Every structure is written in C-alpha cells, then in structure tokens.
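Sequence lines, in order, name chains A and B.
Converting from the first sequence to the numbering used here requires adding 27 to each position, the first position being numbered 1.
Converting from the second sequence to the numbering used here requires adding 27 to each position, the first position being numbered 1.
Ideal Cβ positions, reconstructed from N, Cα and C, are used throughout, including at glycine.
None of the values given here were measured: they were computed from a predicted structure.
Notes follow once the structure below has been shown.
Protein chains: 2
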Amino acid sequence: MKKKRVSLKDIADKVGVSTALVSYVLNGQEKEKRVGAEVVIKIRKAMEEMNYKPNFIARSLRYGTTQTIGLIVTDIANPFFSTMARHIEDEAYKSGYTVIIGSSDETSAKSDLLVETLLNRQVDGFIVVPAEGCEDCLSQIIEDKVPVVMVDRYVPGLVSNHVVLDNYSASYNATMHLINKGYKNIGLVAYKSYLIHMRERVRGYEEAMKAKGLEKQIWIKYIRFNHLKTDINKVIEAIGSKEDNNIDALFFATNTLSMAGLYKIHSLGIKVPDELAIIGFDGNEAFDFFYAPITYVKQPVDEMGKEAVRILLDQMNGSKKISHVNLMSQLILRNSC
Amino acid sequence: MKKKRVSLKDIADKVGVSTALVSYVLNGQEKEKRVGAEVVIKIRKAMEEMNYKPNFIARSLRYGTTQTIGLIVTDIANPFFSTMARHIEDEAYKSGYTVIIGSSDETSAKSDLLVETLLNRQVDGFIVVPAEGCEDCLSQIIEDKVPVVMVDRYVPGLVSNHVVLDNYSASYNATMHLINKGYKNIGLVAYKSYLIHMRERVRGYEEAMKAKGLEKQIWIKYIRFNHLKTDINKVIEAIGSKEDNNIDALFFATNTLSMAGLYKIHSLGIKVPDELAIIGFDGNEAFDFFYAPITYVKQPVDEMGKEAVRILLDQMNGSKKISHVNLMSQLILRNSC
DNA sequence: TTTGCGCATTAAAACGATTAAGCATATATT
DNA sequence: AATATATGCTTAATCGTTTTAATGCGCAAA
Numbered sequence: 028m029k030k031k032r033v034s035l036k037d038i039a040d041k042v043g044v045s046t047a048l049v050s051y052v053l054n055g056q057e058k059e060k061r062v063g064a065e066v067v068i069k070i071r072k073a074m075e076e077m078n079y080k081p082n083f084i085a086r087s088l089r090y091g092t093t094q095t096i097g098l099i100v101t102d103i104a105n106p107f108f109s110t111m112a113r114h115i116e117d118e119a120y121k122s123g124y125t126v127i128i129g130s131s132d133e134t135s136a137k138s139d140l141l142v143e144t145l146l147n148r149q150v151d152g153f154i155v156v157p158a159e160g161c162e163d164c165l166s167q168i169i170e171d172k173v174p175v176v177m178v179d180r181y182v183p184g185l186v187s188n189h190v191v192l193d194n195y196s197a198s199y200n201a202t203m204h205l206i207n208k209g210y211k212n213i214g215l216v217a218y219k220s221y222l223i224h225m226r227e228r229v230r231g232y233e234e235a236m237k238a239k240g241l242e243k244q245i246w247i248k249y250i251r252f253n254h255l256k257t258d259i260n261k262v263i264e265a266i267g268s269k270e271d272n273n274i275d276a277l278f279f280a281t282n283t284l285s286m287a288g289l290y291k292i293h294s295l296g297i298k299v300p301d302e303l304a305i306i307g308f309d310g311n312e313a314f315d316f317f318y319a320p321i322t323y324v325k326q327p328v329d330e331m332g333k334e335a336v337r338i339l340l341d342q343m344n345g346s347k348k349i350s351h352v353n354l355m356s357q358l359i360l361r362n363s364c
Numbered sequence: 028m029k030k031k032r033v034s035l036k037d038i039a040d041k042v043g044v045s046t047a048l049v050s051y052v053l054n055g056q057e058k059e060k061r062v063g064a065e066v067v068i069k070i071r072k073a074m075e076e077m078n079y080k081p082n083f084i085a086r087s088l089r090y091g092t093t094q095t096i097g098l099i100v101t102d103i104a105n106p107f108f109s110t111m112a113r114h115i116e117d118e119a120y121k122s123g124y125t126v127i128i129g130s131s132d133e134t135s136a137k138s139d140l141l142v143e144t145l146l147n148r149q150v151d152g153f154i155v156v157p158a159e160g161c162e163d164c165l166s167q168i169i170e171d172k173v174p175v176v177m178v179d180r181y182v183p184g185l186v187s188n189h190v191v192l193d194n195y196s197a198s199y200n201a202t203m204h205l206i207n208k209g210y211k212n213i214g215l216v217a218y219k220s221y222l223i224h225m226r227e228r229v230r231g232y233e234e235a236m237k238a239k240g241l242e243k244q245i246w247i248k249y250i251r252f253n254h255l256k257t258d259i260n261k262v263i264e265a266i267g268s269k270e271d272n273n274i275d276a277l278f279f280a281t282n283t284l285s286m287a288g289l290y291k292i293h294s295l296g297i298k299v300p301d302e303l304a305i306i307g308f309d310g311n312e313a314f315d316f317f318y319a320p321i322t323y324v325k326q327p328v329d330e331m332g333k334e335a336v337r338i339l340l341d342q343m344n345g346s347k348k349i350s351h352v353n354l355m356s357q358l359i360l361r362n363s364c
C-alpha cells in the first residue's frame, strides 16, 4: 500500500520539458549537455518542491549494476562475524554500496541458496566465508564473472581473492608460547574439517611441537561442528579425570570451541592455569571475566573486513589483479597460561 | 565485468516464441494462459539448458516491490542486535524476503541517511530500532506509506507497530527481587535518554522502590551514551570508595551498561555479591564467567525478531491493523545477588 | 542564398520482466 | 451456412531511469 513516489517524468511534466533534461540535471551533466540556465533552475526547484528521490531499482536495471554487496557468513549472530560485518558495512557505505547479509550455518546447501538468491538480486560482488563443500557455489559466482573476495578462509583450488589470518603462524606462535612456558603435554582442540583455515591451525600446532622435539606429545581432538557440546564435553571430562595422557595445556582453535570448552572446564572446577593452561581464539568479553583471564589469539577483524571491501571494490572497478592477503595475529597474554 | 546473464528474450529466441509465453511458463501460468503442451516442454528445456535465472531487479521495477526488508539497528556488532538480526533473517527468508541491515550508532543523522538510502532502494518494509530524535525519519517512512515495525523501543507519539519488551515489569521485577533479598540501598545505572524503553526501565525501578517504602533510597545514575566508560567508571569508583550512599546493590539497565560496569567492578576488586549485588540486562556469555555468575533480565530476542517480521509481512500484505506487542522478560537467577 | 555551426531540446530505444488486449485458426453449436 | 467458442500465440505497453541520435532554430561565414 505504498504511496506512489515522484518520478522523473512527474518533474518533467511539471516543468514542461522532457525527462532527458531532468536526468541530465539530476546527474550534474547540465554543462556537458548544455541545458539552459533557467531550465536548470526550474528543474532544481521542482525536484526540491516535489521531494524527488531517484528510483535505484530503475537505475540498476538500466546500468546493470545495483551498488550492492552480498555478504555470506556462517552466522551473523557469531560476534566475530557480526563485528566483521559492521566493519564491512561501514567501509561499503563510504563508497555508496549497501550490504545484504546471509548466514550459511556452515552448510553448502544454505550457501548455495544464498548465492543463488543474491545473484538473482544482481549483487555486484560477494564477500564470502566459504563453508565446507562450497567449491560449487563459489565457482558459480566466478563463472558468472561476479567479483568475489573470500574472508576468514579460502578454497585452495580456486583462483580468486582472499583475506585471511596467517593461521599457520598464529597457531605456531601460540603453541610455541605454551612450550616456552614449560608445558609439555599440549593438546589442540580443533573442528573436524577440511577447511584450509582449520588445517593451517592444526599444521601450525604440529610444526611448533615438532620444532621443539615434542612430536610424540602431539595430541589433537577433532570436534564435530554439529555436536559441539557433546564432543567437547567428552574431551574436557577425559582431561579432568586424568584419563587422557596428562594434558597440561589446551589450545582451542576457534572462538566457539574456546567458549564451549571453557564452560565445561568451569563446571568441572578444573583449575586454570594450575591444572590446565589455556589459549583461546578471538578476543571475547567472556575471556576477560574468566577467573583466570584467557590468553588468546587476536585477529585483526577490522582490517579483515575493510581490506576485503577494498579489494572487492577494486575488482568491481575492473581490476583483474588477484589478491591474497595474509593478516598477522597477535597473542594477547593474560593469566591462563 | 560481469558476464551477461541469460534473459527471457534469449529463451524466447531460442525456442522461437514470444517472451510472453516464456514468462507464463516461468510463473506456472501455462494452464490459465493456454500455452501449447509441446511449447511448454521446449521452453522448460531451454531454460534448463541455458541455466536461466530470472532478474529480480526487472521484476521489482515492474511490480513495484522488491521482496526486501530494511533493518536498522543501533549496531550490528552488539550481540543483542546481531542475534535478533539472525532471527529476523531466518524468518524473512522463509517468506522469500531478503534483509538489508544498517547500523545507526544511536544517532538520528545516521538513521536518516539509512532510511533515505533504503527507501531509494525501494525496500518493501522496515524493522527499526529507533534512535533518539528519530521521529522525523520514521514519519518519513510512515508518510510514504511504507510498512514499519519498531523493535526494542518505540516512539510514543507515532501511530505505528512495535514489538518491545515489557520494560516496566522487567525492571520492576528485577528491583523487587533485590528488595526481597534484603538489599536496601539499590542503585540503578541507566542511559541518559528520553527513549521510551529507558524511561520505562527507570519507572519500573522507581515504582518497585516506592512500593516497598524505599522512595528515599532511590538512586539513579544517568550515563551518557558517548561517554560510556568515563561515566560508568566514575560511578563505580564512587561506590567502591563508599563515597556514595552505601550502595549495596546495582541494577544495570542495558547490556552495554552491564558489561562496562562489570569491567570496572572487576578491576577495582569489589566483591560481588558481598560488597555489591548485581543484576544485569540481556544474557551474555561473559555474565556466566564472572566469578559470581550474574543474575540478569533475559529478553526473548528470538520472539522479538520473529514477531516483528510476522507483523511486517502482515502489513505488507495490506493489513491495516496496528500491533503493539509487549513481550515478557525472565529473571535468570544466579549468584550475583 | 546556401552552408555550416552552436545551442537547447526532444524522441525513442534500452535494461528485463509482466500482462492486457488482440489476432488467427480450428472446432463446436445453432 | 453462419455464428459462437476454444485454442495458441503475438503485440505492445508498462515500470523509472539513462543516453544516443535526431531535430529545430538562430546566427555567422561563404
């Protein structure tokens, strides 16, 4: 039941000229197109009076471009991604772009659906956190020659842009920190996943252990994404009951893993860091309030978002350059190890 | 540099019919519009082969409707709003709607800008968390007869829909809980704001205090939104140094106030609940890990989001009914009081 | 007088879909 | 045989904008 908005034609009729002139004035081309000085004034006045606002949809159809970016994250309710979304939003709005967000829940089915929906809506480009098995939906974008930048992780085979954390060094450094602190039985809790960011985090941990002659002590638990609580509770319980190899330090490979793990550690009353040292992933207010504030790997989430937008804008402006950006993490030292 | 997508005309040309027939088949009107059986098959086949996807922009221009909802929150990085956004997204996608999100940073200037941007993009409806002084931008929407639902708070004068927490009872009950627990010098920390949700939270506190004969003990500190840390630190410091009236319990009126307050309480080493009892607002993982898990007012954020979408869809389908929904909060009891 | 040029403006096509109206042709009804 | 009805398809307008090509007009140069 919307009221009809004022159109270019309404202005043209009121002033008594063709729509072309109004369009020229609207787009500041009155000089190049030699619109008469008095007519310009009359058109401006009419626009003002009738409160004219151009219709972006019509413009989009004409231009074949919508000034819209599609952002696909795994879950916008996840603070890491909502914070990134905010930075992306700010950076995009600066250049007149609007952002449409969708959550894939880490499934390729939902990713596919989102890609299709957003492609049909003619977004000009994508920023995507690719889910597992998402090669197809991404190649669909790439085949259509729609610019795309992957963030947080990337699909190794695909020739495309990405902005990710240097996950290997992040994990290597965190592990090395634990080793240097004197911990020997250092465990890693990771997601069971072939996604590159996870593999790199695992690799960083392994290489650090090997570098210090601790290959025998390598101990990794893989958590199923859809059974986060069940799986992680088992892991922590085993550690608490000393069944498991006398683990004296744990490194959590993500935000959600850290939180789920800490809940169980807390409820079992395991003493941090005396019984168990901890390093988490991604800053988080909850880390600060844990009785032993949690040491964690901090990602430059603002840079990640902004850089992704910059690269995407570049691509949408026709650049053919493929960018691979690796951002450095920072280990924030606290009391948990 | 996008590859040209297949259009209706391309299909029509390939099959050798007019675009009308293709459109009929596309929209499942082959029966009503009596399209020949063999032609239907040929068109279907061509669509499949050429991987045809309808252009939503063209459709939008024709229909005057974009199947898009504009969501304006104060900050998508705020977990309360990102969680709500997620529920809104899910509910909207179910009905084929896409969501565009914008953050107003609690300023009317940014709200205005967002409303204008989204109106130009012809969104079919709005879900808005109105910022202070946002009467104008909202009335702009309402004048244009674009459906809108306010969430979290509403603008009292405006005749429009809203879905909010029953802030009065939430605050009344929380305060009453503190009183019943035997606390006498109960303080309220609120934002300095004329927004209705804040006024209702203040009123709930005041009425509860009065109801128990504690009107003399009413003690409220108003925090400036843009000076959150400075202002709240002063308040907590004063309490810590006992300068301030022997406050023995604090009720924080929002999410962000609670967190900022807890940081300072933590850093000053004030003992909760022995020296100071606490009730916070909105569930939060950090509340769980505070050494004395924080009692808090839980909002039904999922219901709020979903209900807002339902009402909005109803309005977009032509309903003239004005809905005012008040959702009940729940007081989650923990150790902080 | 014709040609050319600068100036101001318009007509019309285009973007990709939807849809009312119209046009043949074949079949059924009187 | 004349008329009505059903069938299958096309034409063209429409949504609101942009933009190319065309047009008309006055004035100076030839």
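Give me the residue from the options with the minimum Cα distance to residue i.
i, options, result
"N78 (chain B)", "B:K31, B:S350 and B:E57", "B:K31"
"K102 (chain B)", "B:S131, B:A158 and B:G63", "Checking the sequence, you will find Asp at residue 102 (chain B) rather than Lys. Closest option to D102 (chain B), Cα to Cα, is B:S131."
"S350 (chain B)", "B:I338, B:Y51, B:M343 and B:S356", "B:I338"
"V336 (chain B)", "B:E116, B:R230, B:L295 and B:L354", "B:E116"
"S356 (chain B)", "B:G160, B:P327 and B:D171", "B:P327"
"H224 (chain A)", "A:A201, A:A238, A:K237 and A:A197", "A:A197"
"N82 (chain A)", "B:V49, B:D37, B:S138 and B:L146", "B:L146"
"Q149 (chain A)", "A:K261, A:S87, A:E312 and A:C364", "A:S87"
"K237 (chain A)", "A:I213, A:Y221 and A:L222", "A:I213"
Would you say residue i faces chain A, with C-beta separation under 9 Å as the test?
i, result
"M286 (chain B)", "yes"
"Y323 (chain B)", "no"
"S34 (chain B)", "no"
"P327 (chain B)", "no"
"T93 (chain B)", "yes"
"K80 (chain B)", "yes"
"H293 (chain B)", "yes"
Tell whether a beta-carbon distance below 9 Å holds between residue i and residue j.
i, j, result
"L98 (chain B)", "V155 (chain B)", "yes"
"I297 (chain B)", "F279 (chain B)", "no"
"G129 (chain A)", "V100 (chain A)", "yes"
"Y210 (chain B)", "A319 (chain B)", "no"
"S109 (chain A)", "A112 (chain B)", "yes"
"D193 (chain B)", "M343 (chain B)", "no"
"V67 (chain A)", "E76 (chain A)", "no"
"N200 (chain A)", "L358 (chain A)", "yes"
"M286 (chain A)", "E242 (chain B)", "no"
"I364 (chain B)", "A265 (chain B)", "As written in the sequence, residue 364 (chain B) is Cys, which differs from the Ile given in the question. For C364 (chain B) and A265 (chain B), no; Cβs fall outside 9 Å."
"I168 (chain A)", "T125 (chain A)", "no"
Are the C-beta atoms of residue i and some chain B residue less than 9 Å apart?
i, result
"R251 (chain A)", "no"
"L146 (chain A)", "yes"
"G129 (chain A)", "yes"
"L88 (chain A)", "yes"
"N105 (chain A)", "yes"
"N188 (chain A)", "no"
"A85 (chain A)", "yes"
"V126 (chain A)", "yes"
"N273 (chain A)", "no"
For residue i, which of helix, strand or coil comes out of DSSP?
i, result
"S130 (chain A)", "strand"
"A104 (chain B)", "coil"
"L88 (chain B)", "helix"
"L222 (chain B)", "coil"
"K348 (chain B)", "coil"
"Q357 (chain B)", "strand"
"N82 (chain B)", "coil"
"I99 (chain B)", "strand"
"N200 (chain B)", "helix"
"F317 (chain B)", "coil"
"V299 (chain B)", "coil"
"V175 (chain B)", "strand"
"T322 (chain A)", "strand"
Would you say the segment 180 to 190 of chain B touches the segment 238 to 247 of chain B, given that touching needs at least three Cβ pairs under 8 Å?
-> no
For the 8 Å Cβ check, are there 3 or more pairs between the segment 214 to 234 of chain A and the segment 248 to 268 of chain A?
-> yes
Report yes or no: do the segment 307 to 317 of chain B and the segment 273 to 290 of chain B share at least 3 C-beta pairs separated by less than 8 Å?
-> yes
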